[in-house]
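Numbers 15 to 244, taken from the working numbering, label the letters of the sequence shown in order.
Yeah, the Cβ is synthetic: ideal placement off N, Cα and C, and Gly gets one too.
These numbers come from a predicted model, not from an experiment.
Written out below as structure tokens is the structure these notes cover.
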Amino acid sequence: MPTEEALTPDVQALLERLNPPQQEAVTHGEGPLLIFAGAGSGKTRVLTARIAYLIATHRVWPDRLLAVTFTNKAAKEMRSRVGALVGEGAEKMWVGTFHSTAVKILRREAARIGIVPSFVIFDEDDTRAALKRVLDDLKLDPKRYPIPGLSNAISQAKNELKRPEDYPNRSYHDEIVRRVYESYQDVLRRSGGLDFDDLIMKLVELFNTDEEALAKWRDRFRHVLVDEYQ
């Protein structure tokens, strides 16, 4: 057992169900830890055990823990597993996907980033409808500029943190994408909306440009645990 700390019987039993490398990860001390493991190797089990260990052994308040995963299904499963280990305290934890976590923070910090707290979230159907409207406004042929291709190009730009004015202008097609991207963002603004890529992009923008907000949320969480980082 890779720890000399006094463990509660529940945590002791929890650790005994893990193999030595998993125990080492669960009882890791201060500082970052990156785990590389394949499918079915028990990553989520280790993460939930780590949360229970921090709460039971280090007396970390559940609301000072942030657990992030990639899908809603995984987030729900993680919360359920943590609840089974630590009881009602799990309800106070921040457990969610990258996008749902971004939504919670952005609604609280909307004024800092120039958006309305009640922003609506555009799903894929909303995005397609908005892009169709943009093509109509710009008098562009959707057969020549298919909406899926434009949507993918805009999504990639946002994932690279590129605004419309940052979009490369290497060809006529690039210029068309930039114009569509710019008009699409106008539609979102007028609708009080953000798409899924905006959620991450706006959160990064907030933390990159507002030191007070960054410090606030750094202090908010003592531990950040990420499952299936992509």
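Would you check whether the ligand MN has a heavy atom nearer than 6 Å to the C-beta of residue 155? Because no ligand of any kind appears in the structure shown, any question about the ligand MN cannot be addressed here.
For residue 49, does the three-state DSSP call read helix, strand or coil? Three-state DSSP puts residue 49 in coil, outside helix and strand.
Indicate the three-state DSSP secondary structure (helix, strand or coil) for residue 84 in the structure shown. It is coil, neither helix nor strand.
DSSP state of residue 209, grouped into three classes? In this structure, residue 209 counts as strand in the three-state DSSP scheme.
Please report the Cβ distance between residue 146 and residue 161, rounded to the nearest whole angstrom; I am assuming they are in contact, meaning their Cβ atoms lie under 8 Å. Separation of the CB atoms of residue 146 and residue 161 is rounded to 6 Å, and the pair is thereby assigned contact status at 8 Å.
Can you give the beta carbon distance from residue 201 to residue 148, rounded, assuming they're within the 8 Å contact cut? Their Cβ separation, rounded to whole angstroms, is 6 Å, which keeps residue 201 and residue 148 in contact under 8 Å.
Which residues bound the beta strand (DSSP E) around residue 237? Its beta strand (DSSP E) spans residues 237-240.
Counting beta carbon pairs with one atom in the stretch 121-135 and one in the stretch 206-219, are three or more of them shorter than 8 Å? Yes, the stretch 206-219 is in contact with the stretch 121-135.
Can you list, in chain order, the residues of its chain with a C-beta nearer than 7 Å to that of residue 141? Leave out the 5 residues immediately preceding and following it. The residues are 165 and 209.
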